[in-house]
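Each residue of the sequence shown is one higher than the one before, starting from 54 at the first, in the working numbering.
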Amino acid sequence: MFNLEIIKNRKANILDQQNYHQSAVIVPLVNDNNVDYLLFEVRSANLIVQPGEICFPGGGIESEDKNPQEAAIRETCEELGIKKENIDLIGPLDILVTPFESIICPFVARIHRYQDIRINTEEVESFFLVPVQFFLENPPQTFYNNIVIKPSPDFPYHLLPNGKTYNWRAGTYPVHFYIYKDKIIWGITARIVNHFIKLISGSPNE
């Protein structure tokens, strides 16, 4: 027996998302003297994962989080030492699913009273601001890495048409770089920035 009714009015999710590392980040906007900036963190050099990298505040979605939005706000408060009421959520960006088993949910928000930030030094080394106008005027440098399938030694080629000569599909993975003064913003963070800038500038590709 099977039940097709379960499919009716079902909200689609990302296939196998339970097997992916799921995280959420805030793309923080701050205003200083009527100029809008994006705020970035520099990760602590003591962290095991990506020490010293530039990123947005955020982190893993925990079981107690009601949704990705709540996780992003919680992590931002923890990392920047700010109060929840000083985070004014604007809305979501597109969900990023990487080839490396991770799902990132970004949200744009205004951070009020950013001068009150007291970073959690166990996770964050420092933070800095970049004018939004810089990104509007300077598209990223983009490079493309090749993604290929490398079957495991015990892969059952005998089950495939053409066996070991099967024509596997390959792909490319874009890697963006923004260079602002002595800061290199790249990778997933730069990809989220690029998406955000295309949206707010009315790019037809978004």
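Even glycine gets a Cβ: it sits at the ideal position worked out from N, Cα and C.
Check	Outcome
Proximity below 7 angstroms, CB of S155 to CB of H248	no
Short Cβ contact (7 angstroms threshold) for V78 with F55	no
Of the residues N215, I241, L213, G216, the one placed nearest Y226, counting alpha carbons only	I241
For D141, the three-state DSSP class (helix, strand or coil)	strand
Alpha-carbon spacing of K234 relative to R244, whole angstroms	19 angstroms
Stretch-stretch touch, CB-based, cutoff 8 angstroms, three pairs: the stretch 57-69 with the stretch 129-144	no
Environment of F188 [buried if 16+ CB atoms lie within 10 Å]	buried
Proximity of E128 and G111 at Cβ, strictly below 7 angstroms	yes
Pair within 7 angstroms by beta-carbon distance, T195 and H165	no
In DSSP terms, what W239 is bridged to	F230
Where G265 falls: helix, strand or coil (DSSP)	Summary: the structure shown does not reach residue 265, with the chain confined to residues 54 through 259, and so no result is reported for it.
Whole-angstrom C-beta distance between E131 and A124, which should lie under 8 angstroms	Wrong, their Cβ atoms sit about 11 angstroms apart, outside the cutoff.
Buried/exposed call for E262, threshold 16 Cβ in 10 Å	Residue 262 is absent from the model: the chain starts at 54 and stops at 259.
Neighbour-count burial assignment, P152, 16 or more Cβ in a 10 Å radius	exposed
Pair within 7 angstroms by beta-carbon distance, V185 and D85	no
Where L57 sits in the DSSP three-state scheme	helix
Contact under 7 angstroms by Cβ, V80 with Y167	no
Contact check, L252 vs V183, beta carbons under 7 angstroms	no
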